[in-house]
Each structure stands twice: as C-alpha cells, then as structure tokens.
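Residue numbers (this note's numbering): 8 to 106.
This is how it looks when you write it as structure tokens:
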C-alpha cells in the first residue's frame, strides 16, 4: 500500500508532501498504515469533501491511496475533515519526523 499526502494552505501557505509505502516502512508502521486507511474507509469517501462555511487560513489535505491495483484520491478541507479520517491525517503528518 502506498499513500501520497499533501497539505496546503494554512497561515503561512506552506505545502508539505510525503509518500509512504508499506514496502519501505518498519514492520510496526507498515501494519499501522492499512489499519488507518480501513478505519477512515478512504476508498468510500467522495473525491472532494468541502465545508459549507469555508474559512481562510485552514489547511487542505489531498490523499492518494494505491492498494492492490486500486487507487483513490480524496481532497478535504480541514474544516470538513471527517472524524474517521483524522487519525490517518495525524499519522501521515508525524511519520516523516520519525525517520
């Protein structure tokens, strides 16, 4: 499984990108990623999740998951982030710091 993650926006407008692949992760982290994707039910989420009340200086997240020949991309604004997706987003934001 491979997940590409991009965070844009925020007050400073800095873009952060990372890609994680279970083939290159340590075993514990390689087991965690598919679990987080499953909990988020990412393959069933719509491609765009927007807030009815857009707010400036909020982050926007773009996730692309590739697994067993399937691929799905979700773009979501921070203010519309589903609770089920939050653990995956948080994990993806901290994983590059662990390496």
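Cβ coordinates follow ideal geometry from the N, Cα and C atoms, glycine included. Since the model is a prediction, treat every value here as computed from it, not as a measurement.
- Rounded straight-line distance, which links the Cα of residue 89 to that of residue 60: Here residue 60 is taken as the residue at index 53 of the chain shown, counted from 1. Here residue 89 is taken as the residue at index 82 of the chain shown, counted from 1. Each residue's alpha carbon lies about 15 Å from the other.
- Could you tell me which residues DSSP pairs with residue 79 in its beta bridges? Translated into the one-based positions of the chain shown, residue 79 becomes position 72. For residue 79, which the question treats as bridged, DSSP gives the partners 72.
- Query: If you pair each beta-carbon of the stretch 81-95 with each one of the stretch 22-32, do three or more pairs fall below 8 Å?
  - Reply: no
- Query: By how many angstroms is the C-alpha of residue 23 removed from the C-alpha of residue 75?
  - Reply: Within the chain shown, numbered from 1, the residue matching residue 75 stands at position 68. Within the chain shown, numbered from 1, the residue matching residue 23 stands at position 16. Distance between the alpha carbons of residue 75 and residue 23 is about 26 Å.
- What is the DSSP secondary structure of residue 45, reduced to helix, strand or coil? Against the chain shown, residue 45 aligns to sequence position 38. Here residue 45 sits in helix by DSSP.
- Would you list the one or two residues that DSSP bridges to residue 67? Here residue 67 refers to the residue found at position 60 when the chain shown is read from its first residue. Looking at the DSSP assignment, residue 67 forms a beta bridge with 15 and 84.
- Query: By how many angstroms is the C-alpha of residue 41 removed from the C-alpha of residue 34?
  - Reply: Working through the chain shown from its first residue, we reach residue 34 at position 27. Working through the chain shown from its first residue, we reach residue 41 at position 34. Roughly 12 Å between the two C-alpha positions.
- Other residues of its chain near residue 12: CB distance less than 6 Å, five sequence neighbours each side excluded: Sequence index remark: in the chain shown, residue 12 carries index 5 (1-based). The residues are 25, 70 and 99.
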